[in-house]
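What follows is a short report on a single structure.
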Amino acid sequence: MKEIKAIIQPSALEKVLRALHAMKGLPGCTVSHVHGYQRSGAGSEDFILERDERMKLELVVKDSDAKKTVETIMTHARTGSPGDGKIFVMECVDIVSIRTGERGNAAV
Numbered sequence: 003m004k005e006i007k008a009i010i011q012p013s014a015l016e017k018v019l020r021a022l023h024a025m026k027g028l029p030g031c032t033v034s035h036v037h038g039y040q041r042s043g044a045g046s047e048d049f050i051l052e053r054d055e056r057m058k059l060e061l062v063v064k065d066s067d068a069k070k071t072v073e074t075i076m077t078h079a080r081t082g083s084p085g086d087g088k089i090f091v092m093e094c095v096d097i098v099s100i101r102t103g104e105r106g107n108a109a110v
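Following the numbering used here, the numbering of the sequence shown begins with 3 at its first residue and continues without gaps.
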């Protein structure tokens, strides 16, 4: 299983969620409103910390769905401008459904 976290522009959220919903067998996801901080002009002595509002999507998918999920997020979140965001993909060792006790792929 893979855990996917995507930091995207708020304006891309609805498009991305609709595209993910259209994927067969994909579970739901968690969406959070987050703030990112980055340096601007870090090459000089003076720099400004820029605060950017973003949305964070978090989901766990089967290994076989990971590539398509990343491509879907990337396709629908990309504007070609700086600040489009990042996607992080990590191994997920286990997942447990609190309600049913199911584990692994059965709990996805």
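The beta carbon of each residue, even a glycine, is placed where N, CA and C say it ideally should be. Predicted model only: the values in this text are computed from it and were never measured.
Cα-Cα separation between residue i and residue j, rounded to whole angstroms
| i | j | result |
| --- | --- | --- |
| Val110 | Val62 | 7 Å |
| His35 | Glu104 | 29 Å |
| Val33 | Leu19 | 10 Å |
| His78 | Val91 | 17 Å |
| Lys88 | Ile9 | 5 Å |
| Asp96 | Gly106 | 5 Å |
| Gly30 | Gly38 | 24 Å |
| Val75 | Met25 | Note on residue identity: the sequence assigns Ile, not Val, to residue 75. If I take the Cα positions, the gap works out to 11 Å. |
| Arg80 | Gly27 | 24 Å |
| Pro84 | Ile100 | 39 Å |
| Glu55 | Gln11 | 8 Å |
| Lys7 | Ser66 | 17 Å |
Residues that DSSP places opposite residue i in a beta bridge
| i | result |
| --- | --- |
| Gly106 | Answer by DSSP bridge pairing: none, since Gly106 is not bridged. |
| Ile89 | Ala8 |
Closest Cα partner of residue i within the set the options
| i | options | result |
| --- | --- | --- |
| Thr71 | Ala14, His23, Gln11, Ser13 | His23 |
| Lys58 | Lys64, Glu16, Gly82 | Glu16 |
| Lys4 | Ala68, Glu55, Ser99, Ile100 | Ala68 |
| message | My parser needs the beta strand (DSSP E) runs of 3 or more residues fully inside the region 3 to 82; what are they? | response | 4 to 10, 32 to 42, 50 to 63
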